[in-house]
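**Student:** One structure follows; several queries about it will come next.
Number of protein chains: 2
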Amino acid sequence: MWSVCSEQGMSMEKSEAPMYVYESTVHCANILLCLNEQRRQGVLCDVTLLVEGKEIRAHRAVLAACSQYFSLLLQGQKDQEPLINLPQKVSALT
Amino acid sequence: MWSVCSEQGMSMEKSEAPMYVYESTVHCANILLCLNEQRRQGVLCDVTLLVEGKEIRAHRAVLAACSQYFSLLLQGQKDQEPLINLPQKVSALT
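So the protein sequences, as listed, match chains A and B. With this note's numbering, letter number 27 in the first sequence gets 27, and the count goes up by one each step, no holes. Residues are numbered in this note's numbering as their position in the second sequence, beginning at 1, plus a constant of 94.
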């Protein structure tokens, strides 16, 4: 679903085709939905969070993009598939 | 920046605090901006694309979320940090 279609200023002297830029209103949300579906299925996950005895698989890059806490925690990680034990005050409620 | 604040139907019989749900209009875009900034800085990248002799570091999960081609290609990858040589018809133009 594309919401904007605008022709860019572009020289047509060399009989080139006009250039169009498409902007989607749903692109961002769709990618996050796909990433969440990957996470639910354990696809391409590279970190495991341990919280209230429950293991939750996730993507490091997404956690770091959403949270300064995870950004600092995960950028220092050298393990290939680290297991992160979250503080007890964190709930596993999803 | 929060755009919607709506009280959910919830029993108040036990003198519980009301529950609010906040929805952000910019959350999705912000996360993708952060992921792109990570990619530009090579942070938490786990795949390298080789295209027109140029190496581009990226996040496997994001590529797979955006593209069926990468989804099929990357889910079969066993390497820790694979190097993907893209077909010659693909341009490195960014």
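Beta carbons: idealized from backbone N, C-alpha and C, even for Gly.
Measure the alpha-carbon distance for residue 140(B) versus residue 77(A) and round it to whole angstroms.
**Tutor:** Your numbering for residue 140(B) matches position 46 in the second sequence. Your numbering for residue 77(A) matches position 77 in the first sequence. Whole-angstrom Cα-Cα distance: 13 Å.
**Student:** Could you compute how far the alpha carbon of residue 185(B) sits from the alpha carbon of residue 132(B)?
**Tutor:** For the purposes of this step, residue 185(B) is taken as the residue at position 91 of the second sequence. For the purposes of this step, residue 132(B) is taken as the residue at position 38 of the second sequence. When rounded, the distance between both Cα atoms is 22 Å.
**Student:** How many Å lie between residue 143(B) and residue 75(A) at the Cα?
**Tutor:** Taking the second sequence and counting its residues from 1, the one referred to as residue 143(B) is at position 49. Taking the first sequence and counting its residues from 1, the one referred to as residue 75(A) is at position 75. In a straight line, the C-alpha of residue 143(B) is about 21 Å away from that of residue 75(A).
**Student:** For residue 60(A), count the other beta carbons within 10 Å of its own beta carbon; 16 or more makes it buried, fewer makes it exposed. Which is it?
**Tutor:** The sequence position of residue 60(A) within the first sequence is 60, counting from 1. Result: buried.
**Student:** What's the gap between the Cα of residue 24(A) and the Cα of residue 30(A)?
**Tutor:** Locating residue 24(A) in the first sequence gives position 24, where the first residue counts as 1. Locating residue 30(A) in the first sequence gives position 30, where the first residue counts as 1. Rounded to whole angstroms, residue 24(A) to residue 30(A) spans 10 Å at the Cα level.
**Student:** Please decide whether residue 29(A) counts as near chain B, where near means a Cβ-Cβ distance under 7 Å.
**Tutor:** Looking up residue 29(A) in the first sequence gives position 29. So yes, residue 29(A) belongs to the interface.
**Student:** Using a Cβ cut-off of 8 Å, pull out every chain A residue sitting near residue 132(B), in sequence order please.
**Tutor:** The count along the second sequence starts at 1 and reaches residue 132(B) at position 38. What residue 132(B) touches in chain A: 61, 64 and 65.
**Student:** Using a Cβ cut-off of 9 Å, pull out every chain A residue sitting near residue 126(B), in sequence order please.
**Tutor:** Numbered from its first residue, the second sequence carries residue 126(B) at position 32. Simply 27, 28, 31, 32 and 65.
**Student:** For residue 74(A), which residues in chain B fall below 8 Å Cβ to Cβ?
**Tutor:** In the first sequence, counting from the first residue as 1, residue 74(A) sits at position 74. Correct list: 138.
**Student:** Which class does residue 67(A) belong to by DSSP, given the choice of helix, strand or coil?
**Tutor:** By one-based count along the first sequence, residue 67(A) stands at place 67. Three-state DSSP puts residue 67(A) in coil, outside helix and strand.
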